[in-house]
Each structure stands twice: as C-alpha cells, then as structure tokens.
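Following: one structure in structure tokens, then a few remarks.
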DNA sequence: TCGAGTCAAGTTCAG
DNA sequence: CTGAACTTGACTCGA
C-alpha cells in the first residue's frame, strides 16, 4: 500500500490556534457561546489554510468546536447561527481535498449498561455527526472506542452492537472503531466491525500496550478489508515511560518507519492515511515529513 | 500575571 | 465501598 496523507489533531502549534476553546458550563451565556464558537470556527479555517500551505491534508476537528452542544440543556441552534461559516469551511476543505475526522472523548460510552450513559453517548455522537455533515460529508468519520467491559466482554460487545442500531443512519455511516490500550484489542474491534460492517482503525501504540493474539500482518489485512473501497486510516503515537500513555512531543522516527514498512508491505493496491498523535501536533508531522520520510525514500 | 485547582461527562482498580 | 487514576487541555480564581 502507499502512504497518502499524514494528519494531526485539534491544535496547530505553529499558529498557536485550537478548535477546542471552551468555557465553564456555569458561565454559559449566549454571548459566551457565540464568541467561543466564532473563535473555534475561525481557528479551523486558519488551520485548514495553513495545512494546505504546508502539504497537510488530514485533520481531526476538536470535539469542543461547539462547546456543550451535546449537553442535554444546550439551548442554541448552532447549525443555523453559523450556517455561513460552515458552508465556507465545507468549500475550503473540498477545494484542498482535505480529509476530516473527529474523536469523542472518554465519557461517550455507547456500550454502557446504564441507559442514561447510552442516551448521552448517542446525543454526543449525533452532535459529531452534524458537525462533520456540515464540514465534510464526503470524508467525515467519527472515531470511538468500544467502551467498558463490566466484567463480561462478550456481553459488552453485544450491547455495543445493539446500541449502534439506535444511532441515526447518518451517524452509523460515519462511525469507525479503534482498538484501545487496555480493554478492546484489535481482534475484538475487528469482531464488532465485521458484524456492523464498519471500518476498524488500527492504533499501533494501543496494539503494543494491548496486543491481540495472532500475526500482525494477518490482523492488518483484516483491518484494511473493513474499509472496502474507502481509504484506510491508521493511528500512531508514542509515549513516555511505562505507565499510562501520555503522548511524547514527537514520534520517534524508527517507530514510524517500522510501522510504515509493515503497512507498505501489505498486498493491497490502495492508498492509506496516518493520523499522528503527538504533543507537538503539526510540528511532529512536519518533522516526520522532513526526516523519517526522507530516510525511507532514500 | 501566575500557578493551583477545577471542569459535563465514565470506568476501573487499589485500598 | 470510596476515592483516585486514567489523560488532557483549557478555564478560573485567588495570591
């Protein structure tokens, strides 16, 4: 396979801009909401332009683009209030053939046994769906993890599959599932993805923390197959020390090259994208383009 | 202005 | 059973 895009998430360190400016729920006023969303959308526009200038065509939009939009008490009609801005972003992304994704946080748990938690998770996923439907219905994907285990992984996976069916058709079409670093390894994720006919996202660090049985190459083949005609995307991050997974500032070039080689050697006539998860964000991507890629390409 | 504490939210595990 | 860790960035308030 052939590497197409490298991407990063939410923040641009060169511009010092984020799509995740927020405020306290207790301070939520119409003015605060309007100001903050305006800032986030403008930042996103600036980041897209910067990305285009620097040859980066893949970006994760922050979940807090519209702070509290998925909260039960949120009153404002953000899709109408910012219709113009969203239309402009859609046009801009399309012009540069950008790919976008989003990643709801750890509190969105679709497979929870607690009905209230599931209702909140669904509302959150539908919010992400609306954002991506406005900015990039062509490429938008929502990455989530499978959730908790609750002492019975098989039952928890069944619950995930059942609750998936409660999502809108649009949300179902955008949802993709990523292996996590403690509970659901890539084999578990593949099992769910195959059942639901949705793509699987392989994260190499999470796989190193929480490996699945079997040959990595075979697992990756199955991952690629879940994408059908679409372009698969992979995640790479690296971490400090042994405990937890705080991301390092940059990805170690050897780690990146090793991962890239494995994917390159899969026998598919396809392109693929990689999302870089490192503290230095865009700078980490540029460093890989300027260093690691040159080593690889000779 | 700076640093410490806090934030909408869930799950897991140590004690 | 409870409280802290998980992982993480940004806000807020008090010094």
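Numbering (this note's numbering), first residue to last: 360 to 657. Glycine included, every Cβ here is placed at the ideal spot set by N, Cα and C. As the structure is a computational prediction, the values presented were derived from the model and not from experiment.
- [ ] Pull up the DSSP beta-bridge partners for residue 634, would you.
- [x] Here residue 634 refers to the residue found at position 275 of the first chain. Note: residue 634 sits in a beta bridge opposite 366, 594.
Open item on the list: At the level of alpha carbons, what is the spacing between residue 631 and residue 395?
Closed with: As a working note, residue 631 is residue 272 in the first chain. As a working note, residue 395 is residue 36 in the first chain. Approximately 34 Å, taken between the alpha carbons.
TODO: Specify the secondary structure class of residue 425 as computed by DSSP and reduced to three states.
DONE: Translated into positions along the first chain, residue 425 becomes position 66. Note: residue 425 maps to coil in three-state DSSP.
Open item on the list: Pairs of beta-carbons, one from the region 478-494 and one from the region 555-573, closer than 8 Å: are there three or more?
Closed with: no
Open item on the list: With DSSP as the reference, identify every bridge partner of residue 376, one or two as the case may be.
Closed with: For this step, residue 376 is matched to residue 17 along the first chain. Bridge partners of residue 376: 371.
Task: Nearest candidate by alpha-carbon position, reference residue 633, set 438, 372, 593, 650 - done: Residue 633 sits at position 274 when you count from the first residue of the first chain. The shortest C-alpha separation from residue 633 is found at 593.
Task: Cβ neighbour criterion (16 or more within 10 Å) applied to residue 643 - done: As a first step, residue 643 must be located in the first chain, where it is residue number 284. Buried.
Open item on the list: Taking the alpha carbon of residue 419 as the reference point, which residue from 434, 490, 428 has its own alpha carbon closest?
Closed with: Position 60 of the first chain, counted from the start, is the residue given in the question as residue 419. Residue 419 has its Cα closest to that of 490, out of 434, 490, 428.
Open item on the list: Using a Cβ-Cβ cutoff of less than 6 Å, which residues in the same chain neighbour residue 332 once the five nearest sequence positions on both sides are dropped?
Closed with: The chain is shown from 360 up to 657; residue 332 falls before or after that span and cannot be answered.
TODO: Give the single residue among 523, 519, 405, 363 whose Cα lies nearest to the Cα of residue 452.
DONE: Locating residue 452 in the first chain gives position 93, counting from the first residue. Nearest C-alpha to residue 452: 405.
- [ ] Provide the residue span of the beta strand (DSSP E) that contains residue 611, from first to last.
- [x] As a position in the first chain, residue 611 is number 252, starting the count at 1. Per DSSP, residue 611 belongs to no beta strand (DSSP E) and is neither H nor E.
Task: Spatially closest choice to residue 665 from 522, 455, 557, by CA coordinates - done: An answer regarding residue 665 cannot be provided, because it is not within the stretch 360 to 657 covered by the chain.
Open item on the list: I'd like to confirm the pairing. Which residues does DSSP put opposite residue 536 in its beta bridges?
Closed with: Against the first chain, residue 536 aligns to sequence position 177. 503, 559, per the DSSP bridge assignment.
TODO: Assign residue 383 to one of three DSSP states: helix, strand, or coil.
DONE: On the first chain, position 24 is the one that residue 383 refers to. Of the three classes helix, strand and coil, the one that applies to residue 383 here is coil, per DSSP.
Task: Unbroken alpha helix (DSSP H) run spanning residue 541, endpoints - done: Residue mapping note: residue 541 aligns to position 182 of the first chain, counting from 1. It is not in any alpha helix (DSSP H) - residue 541 carries neither H nor E in the DSSP assignment.
Task: Ranges of the alpha helix (DSSP H) found wholly within the region 454-536, counting only runs of at least 4 - done: 474-494, 512-523, 528-533
- [ ] Would you decide whether residue 626 is buried or exposed? Buried here means 16 or more other CB atoms lie within 10 Å of its CB.
- [x] Translated into positions along the first chain, residue 626 becomes position 267. Label assigned to residue 626: exposed.
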